[in-house]
Amino acid sequence: MGVWLLSAAISLAPAAALLARAQTPPAPSAADRAAASALLKQRAAELLAALQEYRASLERLLPLKEQALTRAIERQALRRDLYAGGIISRRELEAGELAVATAKQAVDDTRRAIEDTDRAAAEAAATEALAELPPPGPGAHQQTALVTVYRGPAPWSLDAGAARLREMFAARFGRALPISAMGQTPLHDRLGFDHHGALDIAVHPDSPEGVALIEYLRSQGIPYIAFRGAVAGSASGAHIHVGLPSPRISVQR
Numbered sequence: 001m002g003v004w005l006l007s008a009a010i011s012l013a014p015a016a017a018l019l020a021r022a023q024t025p026p027a028p029s030a031a032d033r034a035a036a037s038a039l040l041k042q043r044a045a046e047l048l049a050a051l052q053e054y055r056a057s058l059e060r061l062l063p064l065k066e067q068a069l070t071r072a073i074e075r076q077a078l079r080r081d082l083y084a085g086g087i088i089s090r091r092e093l094e095a096g097e098l099a100v101a102t103a104k105q106a107v108d109d110t111r112r113a114i115e116d117t118d119r120a121a122a123e124a125a126a127t128e129a130l131a132e133l134p135p136p137g138p139g140a141h142q143q144t145a146l147v148t149v150y151r152g153p154a155p156w157s158l159d160a161g162a163a164r165l166r167e168m169f170a171a172r173f174g175r176a177l178p179i180s181a182m183g184q185t186p187l188h189d190r191l192g193f194d195h196h197g198a199l200d201i202a203v204h205p206d207s208p209e210g211v212a213l214i215e216y217l218r219s220q221g222i223p224y225i226a227f228r229g230a231v232a233g234s235a236s237g238a239h240i241h242v243g244l245p246s247p248r249i250s251v252q253r
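All residue numbers for the sequence shown refer to the numbering used here, where the first residue is 1 and numbers rise by one.
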C-alpha cells in the first residue's frame, strides 16, 4: 500500500507542477506596466488638482473665521465690563466665553485642515513622480526631488511601532513625537487612501528631527516614505509616512 501511494505521488508530481505553473498569473508586460503607470499618474494629478482647489477654499474661509473670533473676543471684553458692573448675569458671561472658545476652535480646525491638505498634496505629487519608477522590492530605496521611499523588510505594527518611535523621539529631542495622522482619518477616507496601518509624522525629512527618524527607521528595517513637499523647493506639506504606501488613490469631491 505504501509503495502504491509513493508511486502515485511520484506520478502526480509533474501534473501538480504543471497545474501550479498554469495557475500562476503571467508577469505584466511592459505595455501593461506603462498603462498602469499612466493611469496612476493621471489619478494622482486629478487628486492634486482637487486638493489645490480645496485648499484655496480653505484659504478663503480662514480670514472669515479669524474675523469671527476677533468679534467674539471683543464682545466678550464688553461682557466682562458689564458683568463687573452687575448689568449682566453670570450665565451671559459664560455664554460669551463659550462663543469665544467655539470661534477659536473653528479657526484651529481650518488651519489644521490646511495643514492636512498640504500633506495630502505632497503625497499626491510624490505618487505622480513615483509612477514613473518601477515598483520597489523589499529593502529597495528610491528617491526623487520630492520623495524618498524605503521598502524596509521588517514587519510594521502601528501601535507597537508608534510606541517605540515616541520613546526614541522623546529621549532624543525631549518632546512629544509630532504625529499628524495615526491610522485612518476622515481625510484619508475622502481621498481614497488606505492609511489604517500607517503613521504620519509632521517633520521635514531634512530637519535634524527628520534625519534622526529616518536613520532609526532604516536601522530597524521599517518601511517609510519621506515627503519634502508638493512642489520642489517648498516645505509645505513635508512629513514622514511610516508604514507601507497607501495602496489606493481616488478622487472624491
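Ideal placement from N, C-alpha and C gives every residue a C-beta, glycine not left out.
Keep in mind it's a predicted model, so treat the numbers as computed, not measured.
Checklist entry - If you count every other CB in all the chains shown that lies within 10 Å of the CB of E123, and 16 or more means buried, which is it? => result buried
Next on the checklist: Are the CB atoms of T148 and A44 within a distance shorter than 8 angstroms?
Outcome noted: no
Next on the checklist: Using only the alpha-carbon positions, how far apart do A77 and K65 sit?
Outcome noted: 19 angstroms
Next on the checklist: On the CB-based measure, 16 or more other CB atoms within 10 Å of its CB, does T70 come out buried or exposed?
Outcome noted: exposed
Item to check | Inter-residue spacing [alpha-carbon to alpha-carbon] between H196 and E53 | outcome: 26 angstroms
Checklist entry - CA-CA distance, T24 and G183? => result Residue placement at T24 is poorly supported in this model, since its pLDDT is 48, which falls under 50; the coordinates still yield a value, given next. One C-alpha to the other measures close to 34 angstroms.
Next on the checklist: Looking at S180: is its Cβ nearer than 8 angstroms to the Cβ of R119?
Outcome noted: yes
Next on the checklist: Which residue marks the beginning of the beta strand (DSSP E) containing V149, and which one marks its end?
Outcome noted: V147 to Y150
Item to check | Other residues of its chain near G221: CB distance less than 6 angstroms, five sequence neighbours each side excluded | outcome: G152, P153 and A154
Next on the checklist: On the DSSP bridge list, what partners appear for A84?
Outcome noted: Its beta-bridge partners do not exist; DSSP assigns none.
Item to check | Three-state class that DSSP yields for H239 in the structure shown | outcome: strand
Checklist entry - With which residues is M168 paired in a DSSP beta bridge? => result M168 pairs with nothing; no bridge assigned.
Next on the checklist: When you compare the stretch 56–64 with the stretch 90–105, are there three or more beta-carbon pairs, one atom per stretch, that lie closer than 8 angstroms?
Outcome noted: no
Checklist entry - If L177 and L158 are in contact, beta carbons under 8 angstroms, what's the gap, nearest whole angstrom? => result Actually they do not touch by this definition, with Cβ atoms about 13 angstroms apart.
Item to check | Sequence-distant residues of its chain with Cβ nearer than 7 angstroms to P245 (five each side left out) | outcome: I225
Checklist entry - Which two residues bound the contiguous alpha helix (DSSP H) that contains S180? => result Note, S180: premise wrong, no alpha helix (DSSP H); beta strand (DSSP E) at I179 to M182.
Checklist entry - Helix, strand or coil: how does DSSP classify L199 here? => result strand
Checklist entry - Can you tell me the Cα-Cα spacing of A129 and R112, whole angstroms? => result 26 angstroms
Checklist entry - Can you name the residues that DSSP bridges to Y54? => result Paired residues: none, contrary to the question.
Next on the checklist: Alpha carbons only, please: which of I201, A35, S89 and P223 is nearest the one belonging to A140?
Outcome noted: P223
Checklist entry - H141 by DSSP, collapsed to three states: which one? => result strand
Checklist entry - Helix or strand or just coil, what does DSSP make of A49? => result helix
Checklist entry - Nearest to R60 by alpha carbon, out of R90, V107 and E74? => result V107
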